[in-house]
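Asker: Protein chains in written order, with our numbering: chain A, 1 to 137; chain B, 138 to 886. C-beta: ideal position from N, C-alpha, C; glycine also. Fair warning: this is a prediction, and the values are worked out from it, not measured in the lab.
See below:
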């Protein structure tokens, strides 16, 4: 079964962006399905482990530790120094939908964040990675 | 094409054939039964190298001692009869052994100067054993690179390749000189294996993901690899596949040639300085304009991000020391650790923050008085002097103010620090422009020109009139800079007001270009300033200062055309020809005198006005499968304008960063100046000095420091495997200082 949600990035005149969930009106849309956590694990190693640890209590790396990310407030991992752009813009909780949108195109969602060197994951990997991350709790 | 490791008799036969062939090909006459006489002095070690195939020609004999004040190894090549002389050794006890292609290291023999030795070379039992001594390029070329069909990239939902990569050349530039190869020799033992100390991982891709986070270089490595990730893992997966295949026994498909001809006349002396934790970028030995300055004197090194210590090597006493370089404003000058934090342990140094430099000295030059000028940070980037603004008395500031005040540590926010070896005192020249490489003009003002390796709004070229500075101490009055303005309206002069890059162009105006200089050199032909610029595919820029540079300087831009691409350093010969190293696997030259059409006018800001000025010379070494150029990423190029080495005046010499060598271009062909021991030699600059103009080959030579950011990756003393890092703190490699000398024949002493 597929759920369809849409994420819109609103850029304020001052440059900071906030993200809201708006149905059917979006700059970045995510058609999210049920993911396979085992496939997500493999995709995570290929595309995410370069920057992120995932085990509980593992130290932050170039990016923050991602254990328990789903449901948590963005930019809230203790001890991690977020980019100015991300800290100013990421005013949300990490729902599966927002997470899927973020990993699909981080540079478009928040230009200037630490993660904007990464082009984003393919649609075919996105739901698996989100499912894998959701299981890490 | 890579191949699997052959086994048993076939392998032994193949290696034996390599060894025998190498010997017989160069020995035109039958070999005498008895050893030919070797003439040596009391400070030489000489002898003959033989194997079961007879005399071994073109192999190295290495003499190493631990009894001096530095690591010390001197090596020479055998002639076509297997004879060798290692000349002019300091008195000490030495281990002597034979290393060569087709061989494994022979057992070490204890000896002393004044002795002759009969050495028995150890023929490699198989290709796998022989290949352990091959330079990194042979292993690096086994890496599988994306097929041409992956370009242009169409993104994660297309062909997987990031859309930022339009061509494979652009991608290769990132895994070579302007990415991974910017700091590392990929393919040496340390990089083609995964160290046990890194930990245990479920897969090699996980191991590589972790390894790239290691140490103070982690941020840079992760950012670079982040650009190369694809749904299938991209280059991260390719590296894992590469090391997996090597671990399973796959071997390089090509073998290096032994030294031939004049290459056998080379004497290489290796010393070290500093320590295994800290790396260097460059060294200086003399004044490039007058290479007899500082004869027999110390070398001075620039340690970039790693430390505030400036290493000093005395090549006469074989001693190494250092001096702490100060910053002018110690209260608030930021350190490199802010931009290079350790977030994952290094397999060598754990979580220690081994890079912490505030000085950030990038490159040194020496003037005719022996003073050492460093491009170095003296103050916070937030505190530019008042004279950098529009209201300044400095003409350059009136025309192009430089008042940015960035937070934190900024890599190319440097000024100038001068060390006077005579007084041991430091002076600070507070420049408004950032500094990076530097070179003197041959003029009455001893003008020192600076690149800043910064693109965009801050792309300027700066200078300091050092004569005025030393007379007045007035840094503001002595300095100047200019934006890079191209004469696109073709009126033959620089005009006030110009088009900005990326904005609609007015054909009646000149145009500013946003390309910063990386390398910089002064042209003896006409006094123009030339530089290299890194944006792909690479550019060179000519700056004609004119009579009043802030107002009159005009730039010309020349893009590197195919088959060349991927630039870093550069130099200019006495005829005004620009020479560049290219990671397309070439040395390139640009001779402006060959240009046929007008070099100004509309479109000049694009850099395509003179493709006919370019010539390309292939570098040696195997290519990646499916590619044509050598898998080399030469970092810098220096022109031996004064025939210091002996290969002729104006010889261009590129650093062979993947090849443990320097590539000297002589008559259109490359003479390989190889450092066989320790493996892992990787350089970012070259200097040359004449200690005694009448002293012949012994009184002149090249001086080069290793510049890779991980000195520990260099073969250690008593390495547990050929080319491997030292197993203990005591045997890990520090940065090297390598001296190259060229004899008239292989036995001269």
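For residue 890(B), name the three-state secondary structure that DSSP assigns.
Answerer: Because chain B spans 138 through 886 in this model, residue 890(B) falls outside it and cannot be assessed.
Asker: Using a C-beta to C-beta distance shorter than 7 Å, which residues of chain A count as neighbours of residue 294(B)?
Answerer: Within the second chain, residue 294(B) is the residue found at index 157, counting from 1. In chain order: 122 and 123.
Asker: Is there contact here, the region 362 to 376 of chain B with the region 303 to 315 of chain B, by at least three beta-carbon pairs under 8 Å?
Answerer: Touching, yes.
Asker: Give me the Cβ distance between residue 182(B) and residue 250(B), rounded to the nearest whole Å; I'm assuming they're in contact under 8 Å.
Answerer: Counting from 1 along the second chain, the entry for residue 182(B) is found at position 45. Counting from 1 along the second chain, the entry for residue 250(B) is found at position 113. Sure, about 6 Å apart at Cβ, within 8 Å.
Asker: Expressed to the nearest angstrom, what Euclidean distance is found between the alpha-carbon atoms of residue 867(B) and residue 749(B)?
Answerer: Within the second chain, numbered from 1, the residue matching residue 867(B) stands at position 730. Within the second chain, numbered from 1, the residue matching residue 749(B) stands at position 612. Answer to the nearest angstrom: the Cα atoms are 53 Å apart.
Asker: In terms of residue numbering, what span does the alpha helix (DSSP H) encompassing residue 512(B) cover?
Answerer: Locating residue 512(B) in the second chain gives position 375, counting from the first residue. Residue 512(B) -> not in any alpha helix (DSSP H); beta strand (DSSP E) instead, spanning 509 to 513.
Asker: Find the residues of chain B that neighbour residue 62(A), judging by a C-beta separation of less than 7 Å, and give them in chain order.
Answerer: By one-based count along the first chain, residue 62(A) stands at place 62. Result: 350, 355, 356, 359 and 480.
Asker: Mind checking residue 260(B): buried by the 16 CB within 10 Å criterion, or exposed?
Answerer: Numbered from its first residue, the second chain carries residue 260(B) at position 123. With 16 or more Cβ atoms within 10 Å of its Cβ, residue 260(B) is classed as buried.
Asker: On the criterion of 16 or more Cβ atoms from any shown chain inside 10 Å, does residue 608(B) qualify as buried, or is it exposed?
Answerer: Here residue 608(B) corresponds to residue number 471 of the second chain, with the count starting at 1. By the 10 Å Cβ count, residue 608(B) comes out exposed.
Asker: Over the uninterrupted alpha helix (DSSP H) stretch that includes residue 689(B), give me the two end residues.
Answerer: Residue mapping note: residue 689(B) aligns to position 552 of the second chain, counting from 1. Residue 689(B) -> alpha helix (DSSP H) spans 686 to 689.
Asker: Indicate whether at least one CB of chain A lies closer than 7 Å to the CB of residue 342(B).
Answerer: The residue labelled residue 342(B) in the question sits at position 205 within the second chain. Taking Cβ atoms only, chain A reaches closer than 7 Å to residue 342(B), which makes this a yes.
Asker: Using the C-alpha atoms, what's the distance from residue 782(B) back to residue 886(B)?
Answerer: Residue numbering aside, residue 886(B) sits at position 749 when the second chain is read from its first letter. Residue numbering aside, residue 782(B) sits at position 645 when the second chain is read from its first letter. The alpha-carbon atoms of residue 886(B) and residue 782(B) are separated by roughly 16 Å.
Asker: What does the alpha-carbon distance come out to for the pair residue 830(B) and residue 435(B)?
Answerer: Locating residue 830(B) in the second chain gives position 693, counting from the first residue. Locating residue 435(B) in the second chain gives position 298, counting from the first residue. Cα to Cα, the separation comes out at about 18 Å.
Asker: Among the residues of its own chain, which have a CB less than 7 Å from the CB of residue 593(B), if the five just before and after it don't count?
Answerer: Position 456 of the second chain, counting from 1, holds the residue named residue 593(B). Cβ neighbours of residue 593(B) beyond the five flanking positions: 651.
Asker: Below 7 Å CB to CB, which residues in the same chain sit around residue 280(B) once its five sequence neighbours on both sides are set aside?
Answerer: Residue 280(B) sits at position 143 when you count from the first residue of the second chain. Here the set comprises 375, 379 and 761.
Asker: Measure the alpha-carbon distance for residue 804(B) versus residue 246(B) and round it to whole angstroms.
Answerer: Taking the first residue of the second chain as 1, we reach residue 804(B) at position 667. Taking the first residue of the second chain as 1, we reach residue 246(B) at position 109. Whole-angstrom Cα-Cα distance: 39 Å.
Asker: Any C-beta of chain B sitting closer than 7 Å to the C-beta of residue 45(A)?
Answerer: Position 45 of the first chain, counted from the first residue, corresponds to residue 45(A). Yes, contact with chain B.
Asker: As a quick exercise: from 467(B), 187(B), 203(B) and 236(B), pick the residue whose alpha carbon is nearest that of residue 811(B).
Answerer: Working through the second chain from its first residue, we reach residue 811(B) at position 674. Ranking the options by Cα distance to residue 811(B), first place goes to 236(B).
Asker: Is the beta carbon of residue 51(A) sitting closer than 7 Å to the one on residue 359(B)?
Answerer: Here residue 51(A) refers to the residue found at position 51 of the first chain. Here residue 359(B) refers to the residue found at position 222 of the second chain. It is a contact, given that the beta carbons lie within the stated cut-off.
Asker: From residue 485(B) to residue 334(B), what does the alpha carbon distance come to, in whole angstroms?
Answerer: Counting from one through the second chain, the residue named residue 485(B) turns up at place 348. Counting from one through the second chain, the residue named residue 334(B) turns up at place 197. Near 8 Å, if we compare the C-alpha coordinates of residue 334(B) and residue 485(B).
Asker: In angstroms with no decimal places, state the Cα-to-Cα distance between residue 95(A) and residue 72(A).
Answerer: Taking the first chain and counting its residues from 1, one reaches residue 95(A) at position 95. Taking the first chain and counting its residues from 1, one reaches residue 72(A) at position 72. Their backbone Cα atoms lie some 8 Å apart in a straight line.
Asker: Looking only at its chain, what residues have a beta carbon closer than 6 Å to the beta carbon of residue 406(B), apart from the 5 residues adjacent to it on each side?
Answerer: Within the second chain, residue 406(B) is the residue found at index 269, counting from 1. 211 and 876, listed in sequence order.
Asker: Whose C-beta lies closer than 6 Å to the C-beta of residue 136(A) among residues of the same chain, with five residues either side of it excluded?
Answerer: By one-based count along the first chain, residue 136(A) stands at place 136. Closer than 6 Å at Cβ, skipping near neighbours: 54 and 67.
Asker: Which residues in the same chain have their Cβ closer than 7 Å to the Cβ of residue 780(B), if we skip the five residues on either side of it in sequence?
Answerer: Sequence index remark: in the second chain, residue 780(B) carries index 643 (1-based). 786.
Asker: Compile a chain-ordered list of the residues in the region 366 to 385 of chain B whose CB is closer than 7 Å to at least one CB of chain A.
Answerer: Cβ contacts with chain A: 366, 368, 369, 370, 373 and 374.
Asker: Measuring only the C-alpha atoms, how far is residue 167(B) from residue 220(B)?
Answerer: As a working note, residue 167(B) is residue 30 in the second chain. As a working note, residue 220(B) is residue 83 in the second chain. For residue 167(B), the predicted model reports a pLDDT of 34, less than 50, meaning its position is unreliable; a value from the coordinates is still stated below. Straight-line Cα distance between these residues: approximately 15 Å.
Asker: Report, in whole angstroms, the separation of the C-beta atoms of residue 599(B) and residue 610(B), which I expect to be a contact under 8 Å.
Answerer: Taking the first residue of the second chain as 1, we reach residue 599(B) at position 462. Taking the first residue of the second chain as 1, we reach residue 610(B) at position 473. At roughly 18 Å, the Cβ-Cβ gap does not stay under 8 Å, so residue 599(B) and residue 610(B) are not in contact.
Asker: Going by DSSP, what residues sit across from residue 616(B) in a beta bridge?
Answerer: One-based indexing of the second chain puts residue 616(B) at position 479. Paired residue(s): 601(B).
Asker: Can you tell me where the beta strand (DSSP E) with residue 802(B) in it begins and where it stops?
Answerer: Taking the first residue of the second chain as 1, we reach residue 802(B) at position 665. Its beta strand (DSSP E) spans residues 798 to 803.
Asker: Take residue 544(B) as the anchor and find which of 472(B), 193(B) and 778(B) has the nearest alpha-carbon.
Answerer: Numbered from 1 along the second chain, position 407 holds the residue referred to as residue 544(B). If we check each option's Cα against that of residue 544(B), 472(B) comes out closest.
Asker: Indicate the three-state DSSP secondary structure (helix, strand or coil) for residue 86(A) in the structure shown.
Answerer: As a working note, residue 86(A) is residue 86 in the first chain. Correct three-state label for residue 86(A): helix.
Asker: Output the distance between the C-alpha atoms of residue 681(B) and residue 628(B), rounded to the nearest integer angstrom.
Answerer: Counting from 1 along the second chain, the entry for residue 681(B) is found at position 544. Counting from 1 along the second chain, the entry for residue 628(B) is found at position 491. Cα-Cα distance, rounded: 15 Å.
Asker: Along chain A, which residues have their Cβ under 8 Å away from the Cβ of residue 299(B)?
Answerer: Here residue 299(B) corresponds to residue number 162 of the second chain, with the count starting at 1. Correct list: 119.
Asker: With respect to the beta strand (DSSP E) encompassing residue 577(B), which residues constitute its N-terminal and C-terminal limits?
Answerer: On the second chain, residue 577(B) is found 440 positions in, with the first residue counted as 1. First-last of the beta strand (DSSP E) with residue 577(B): 575 to 577.
Asker: Answer with buried or exposed for residue 851(B), where buried requires no fewer than 16 other C-beta atoms within 10 angstroms of its C-beta.
Answerer: On the second chain, position 714 is the one that residue 851(B) refers to. Residue 851(B) is buried by the Cβ-count criterion.
Asker: As an exercise, report each continuous beta strand (DSSP E) stretch of at least 3 residues that is fully enclosed by the region 390 to 455 of chain B, in chain order.
Answerer: If we require 3 residues or more, the beta strand (DSSP E) runs fully inside the region 390 to 455 of chain B come out as 403 to 409, 419 to 421, 436 to 439 and 446 to 451.
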